[in-house]
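Notes follow the structure.
In this note's numbering, the protein residues as written are 1 to 363.
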């Protein structure tokens with residue numbers, strides 16, 4: 001049975017099987033690297049704590065490395081077991097013991113670990129955009145060119161919050177209001193989270209955690225009115241969710257879409273307006289950055305618009321925004337479908353000739 005016992009000990013602690021059969025020098029070849037890795041892991045745990053280790057594990061690029069190390073460690077254990085027992089006499093019983101040890105101690109744990117790593121990596125990839133990833137949307141990015149006029153408007157004029165009157169002429173900028181007090185937060189987002197508030201680009205911080213030094217993860221949820229055949233997008237739903245990563249406690253605040261004079265973050269946009277604020281409604285921030293004054297905001301396309309919303313909300317609330325999640329009209333449908341969907345039976349056609357046209361008003 002020495003063959004089986006030496007092999008199983010080598011699986012549990014690489015090098016232990018060599019000690020069992022009296023091969024001390026060979027045992028050091030396996031024991032020294034093994035205890036060096038264990039010592040490093042214990043030191044890391046004592047230095048940063050369980051939450052810090054978890055933050056490192058979920059950092060970009062770490063999980064694929066762990067997947068490779070998982071396979072390498074499995075191979076290292078098998079090599080230690082086979083090499084430690086190779087000089088011992090084999091019997092059917094000892095071979096069976098070693099085979100059972102391989103299945104229980106190596107194959108099953110490492111396969112489960114590999115599956116967990118792959119699943120976690122896919123989940124993080126779906127939640128956080130990486131380099132070069134544009135804003136996901138069920139619909140193409142809405143056109144930011146104001147729609148053409150067709151005929152005269154009767155009754156309700158078009159909505160004034162897009163800066164164009166009922167005749168299609170741009171409205172003058174309202175008289176500047178008194179500058180509001182600056183928010184308490186003047187930094188540039190959490191260390192290793194999204195970049196400074198004026199630079200809206202996808203999160204790309206190798207080795208960084210997706211939240212700031214304060215141990216809180218701030219997620220901005222946006223409900224956009226963008227959809228098929230709609231002009232640009234407005235954020236009609238804005239929820240700031242803050243998670244304490246140590247305790248899991250969650251706080252949430254809703255921001256009114258019609259709030260006015262929201263302060264701009266530091267940069268060209270703030271300097272260009274006397275009040276340093278968005279004189280229109282808060283839900284117009286995306287249009288402000290992509291259609292009205294795109295030269296005042298960094299980035300391009302959706303990155304520019306979402307960055308402006310993020311910067312304004314952060315300045316307004318005094319919190320760094322670590323991540324942004326946007327759902328448009330099609331996104332609402334996808335969410336409902338993901339929850340099982342809703343079947344609605346409509347026996348007859350519904351037609352409302354008096355429903356206001358989104359461009360021309362009531363016609």
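Don't be surprised by glycine CBs; every beta carbon is placed ideally from N, CA and C.
As the structure is a computational prediction, the values presented were derived from the model and not from experiment.
Task: For residue 330, the first and last residue of its enclosing beta strand (DSSP E) - done: One-based indexing of the chain shown puts residue 330 at position 330. Not the beta strand (DSSP E): residue 330 falls in the alpha helix (DSSP H), residues 329-338.
- [ ] Could you check how far apart the C-beta atoms of residue 373 and residue 6 are, in whole angstroms? I think they sit under 8 Å.
- [x] Absent from the model: residue 373. The displayed extent of the chain is 1 to 363, so no value can be given.
Task: Per-residue DSSP class, three states only, for residue 263 - done: Against the chain shown, residue 263 aligns to sequence position 263. Strand at residue 263.
- [ ] List the endpoints of the continuous beta strand (DSSP E) containing residue 223.
- [x] As a position in the chain shown, residue 223 is number 223, starting the count at 1. Judged by DSSP secondary structure, residue 223 falls within the beta strand (DSSP E) whose first and last residues are 216-224.
Open item on the list: With a threshold of 6 Å on Cβ separation, who are the neighbours of residue 190 within its own chain once the five nearest residues in sequence on each side are excluded?
Closed with: The residue you call residue 190 lines up with position 190 of the chain shown. Any reading at residue 190 must be qualified, since the residue scores a pLDDT of 30, below 50, and its modelled position is unreliable; no value is offered.
Open item on the list: What does the Cβ neighbour count give for residue 224, buried or exposed, with the cut at 16 atoms within 10 Å?
Closed with: Looking up residue 224 in the chain shown gives position 224. When all chains shown are included, residue 224 counts as buried.
TODO: Tell me where the beta strand (DSSP E) around residue 242 begins and ends.
DONE: Start at 1 with the first residue of the chain shown, and residue 242 comes out as number 242. Segment 235-244, the beta strand (DSSP E) holding residue 242.
Open item on the list: Please classify residue 238 as buried or exposed, where buried requires at least 16 neighbouring CB atoms within 10 angstroms.
Closed with: Within the chain shown, residue 238 is the residue found at index 238, counting from 1. Answer is buried; the Cβ neighbour count reaches 16.
TODO: Give the range of the alpha helix (DSSP H) segment to which residue 11 is assigned.
DONE: The residue given as residue 11 occupies position 11 in the chain shown. 2-12 is the span of the alpha helix (DSSP H), which, as asked, contains residue 11.
TODO: Please report the residue range of the beta strand (DSSP E) in which residue 254 lies.
DONE: Translated into the one-based positions of the chain shown, residue 254 becomes position 254. Looking at the DSSP string, the run of the beta strand (DSSP E) that includes residue 254 is 250-255.
Task: Assumed close pair residue 12, residue 111 - CB separation to whole angstroms, cut-off 8 Å - done: Working through the chain shown from its first residue, we reach residue 12 at position 12. Working through the chain shown from its first residue, we reach residue 111 at position 111. Not quite, the Cβ-Cβ distance comes to about 18 Å (not below 8 Å), so this is no contact.
TODO: Would you kindly work out how many angstroms separate the C-alpha atoms of residue 282 and residue 315, rounded to a whole number?
DONE: As a working note, residue 282 is residue 282 in the chain shown. As a working note, residue 315 is residue 315 in the chain shown. Distance between the alpha carbons of residue 282 and residue 315 is about 12 Å.
Open item on the list: Between which residues of its own chain and residue 262 is the CB-CB distance below 7 Å, once the five residues before and five after are set aside?
Closed with: Residue numbering aside, residue 262 sits at position 262 when the chain shown is read from its first letter. Only 277, 278, 282, 312, 316 meet the Cβ criterion.
Open item on the list: Which residue marks the beginning of the alpha helix (DSSP H) containing residue 34, and which one marks its end?
Closed with: By one-based count along the chain shown, residue 34 stands at place 34. The continuous alpha helix (DSSP H) containing residue 34 extends over residues 24-57.
Task: Alpha carbon of residue 31 to alpha carbon of residue 65, nearest angstrom - done: Taking the chain shown and counting its residues from 1, one reaches residue 31 at position 31. Taking the chain shown and counting its residues from 1, one reaches residue 65 at position 65. Taking the straight line from one Cα to the other gives about 23 Å.
- [ ] Output the distance between the C-alpha atoms of residue 299 and residue 273, rounded to the nearest integer angstrom.
- [x] Here the question's residue 299 lines up with position 299 in the chain shown. Here the question's residue 273 lines up with position 273 in the chain shown. Taking the straight line from one Cα to the other gives about 20 Å.
- [ ] Count the other CB atoms, across all protein chains shown, that sit within 10 Å of the CB of residue 336; report buried if there are 16 or more and exposed otherwise.
- [x] In the chain shown, residue 336 corresponds to position 336, counting from 1. Exposed is the call here.
- [ ] For residue 325, write down the residues that DSSP places opposite it in a beta bridge.
- [x] Within the chain shown, numbered from 1, the residue matching residue 325 stands at position 325. Residue 325 has 221 as its beta-bridge partners, per DSSP.
Task: Three-state secondary structure assigned by DSSP to residue 348 - done: Along the chain shown, one-based indexing puts residue 348 at 348. Annotated three-state conformation of residue 348 is coil, per DSSP.
Open item on the list: Tell me the residue span of the alpha helix (DSSP H) that contains residue 63.
Closed with: By one-based count along the chain shown, residue 63 stands at place 63. 62-85 is the extent of the alpha helix (DSSP H) around residue 63.
Task: Neighbourhood of residue 67 by C-beta distance below 8 Å, restricted to the same chain and skipping five residues each side - done: On the chain shown, residue 67 is found 67 positions in, with the first residue counted as 1. So the qualifying residues of the chain are 114, 117, 118, 121.
Open item on the list: What does the Cβ neighbour count give for residue 253, buried or exposed, with the cut at 16 atoms within 10 Å?
Closed with: Counting from 1 along the chain shown, the entry for residue 253 is found at position 253. Exposed, by the Cβ-count rule.
Task: Test item: CB-CB of residue 220 and residue 324 under 7 Å - done: On the chain shown, residue 220 is found 220 positions in, with the first residue counted as 1. On the chain shown, residue 324 is found 324 positions in, with the first residue counted as 1. Yes, these two residues count as a Cβ contact at 7 Å.
Open item on the list: For residue 280, report the span of its beta strand (DSSP E) as first-last.
Closed with: Locating residue 280 in the chain shown gives position 280, where the first residue counts as 1. 277-281 is the span of the beta strand (DSSP E), which, as asked, contains residue 280.
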